[in-house]
Ligand code: DAH
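Numbering (my numbering), first residue to last: 21 to 388.
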């Protein structure tokens, strides 16, 4: 565009003035709408508002000079209005970054359907963890956590697995490399169970304690349909005066009924864990056949679900080093530990543990 595009004005009546000014204004608006870069904006300013060669200057000298005296006033008014429009266009271009044209290209078409976002949902393991902790929270238990990279002391020694004790071999432990310079008890490993948080809890607070500890644990196990090297447990610990094995039985019987339905029965079998004495394995009546015997319970009518027992005095002795109130002559307690995947598999009828970790939306979506 150059100044030749400015129409010549030969008549000065209102209609002719209106048309001529409208033409120039349209030119200015079109030019402004196409501005994209700061350089283009500056060129627009020079082209339209430049003192000597600017188009407005040209309009003013060509039209105003030629106008008869009685038309100078209306022409001047229109000229001032046009100048204000062009200055406004420049301000807009300077301040607003992208041009109207660029914005129009990006504009949202509100008549199109929106992008639908899927609502997230709890992972079945998280969901089961929460269900378990809720059952105990309703009994007055608090919830705690502890580190996944743990010391030999908390994972084993304080849980009454002395160095070299064969019970350590039952938990295939993944250890952190290059720890030889540390003393045995300070060596780091991936915790094989949530039980070390029992000790961390007792060290940090005197009795009474009622706590559940959900968390991730690691073992050097090969993956198969029911095993994974990384899985989850919920640990429980209750310490107070006069806590008995009946309290343990009543608590876990209630918890199993709350988790699997009131028809479920429990039974306690003698077992061994270094940190409890006596220890028991808890079995529940088979939730698939109601106890009659089926493939899932290997025709026994019972399914083994968790370990538990009365806290071993040797464990209290470790706690007493930091909290003297854990005196096994004055207090007693019980503990339990359960595998979350195993419970989730039973509750939701999942036959492959790997499904929980595969991230397959067709599987996970069923729990939404
Ligand atoms: N820590 C045990 C394991 O991983 C489970 C367990 C058994 C926890 C008995 C306890 C307990 O607190 O009393 O095999």
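Think of the CB as a built atom: it goes at the ideal place given N, C-alpha and C, for glycine as much as any other residue.
Every value quoted in this text rests on a predicted model; they were computed, and no experiment measured them.
- Under the three-state reduction of DSSP output, residue 252 falls in the strand class.
- Distances from the alpha-carbon of residue 100 to those of 182, 69 and 231 put 69 closest.
- A distance below 7 Å between beta-carbons, with the five flanking residues on each side excluded, links residue 300 to the following residues of its chain, in chain order: 288, 289, 290, 291, 328 and 329.
- Here residue 177 is near residue 205, since their CB atoms are less than 8 Å apart.
- Here residue 351 is not bridged, per DSSP, to any residue.
- In this structure, residue 327 has its beta carbon less than 7 Å from a heavy atom of the ligand DAH.
- With a contact defined as Cβ atoms closer than 8 Å, residue 326 and residue 357 qualify at about 6 Å.
- With a threshold of 7 Å, the Cβ atom of residue 357 counts as near the ligand DAH, since some heavy atom of the ligand is closer than that.
- Of all C-beta pairs linking the region 295 to 309 to the region 135 to 151, fewer than three are shorter than 8 Å, placing the two stretches out of contact.
- Contact annotation: residue 194 and residue 238 have beta-carbon atoms nearer than 8 Å.
- Taken in chain order, the complete alpha helix (DSSP H) segments of 4 or more residues contained in the region 203 to 235 are 216 to 224.
- Here residue 303 carries a strand assignment [DSSP, helix/strand/coil].
- As the crow flies, the alpha-carbon of residue 187 is around 27 Å from that of residue 349.
- In this structure, residue 387 sits near residue 147, with a CB-CB distance shorter than 8 Å.
- Residue 143 has its Cβ no nearer than 7 Å to any heavy atom of the ligand DAH.
- Between residue 353 and the set 367, 341, 342 and 335, the nearest pair of CA atoms involves 335.
- Pairing residue 218 with residue 255 gives a Cβ-Cβ distance under 8 Å.
- Short note on residue 266: C-beta not closer than 7 Å to any heavy atom of the ligand DAH.
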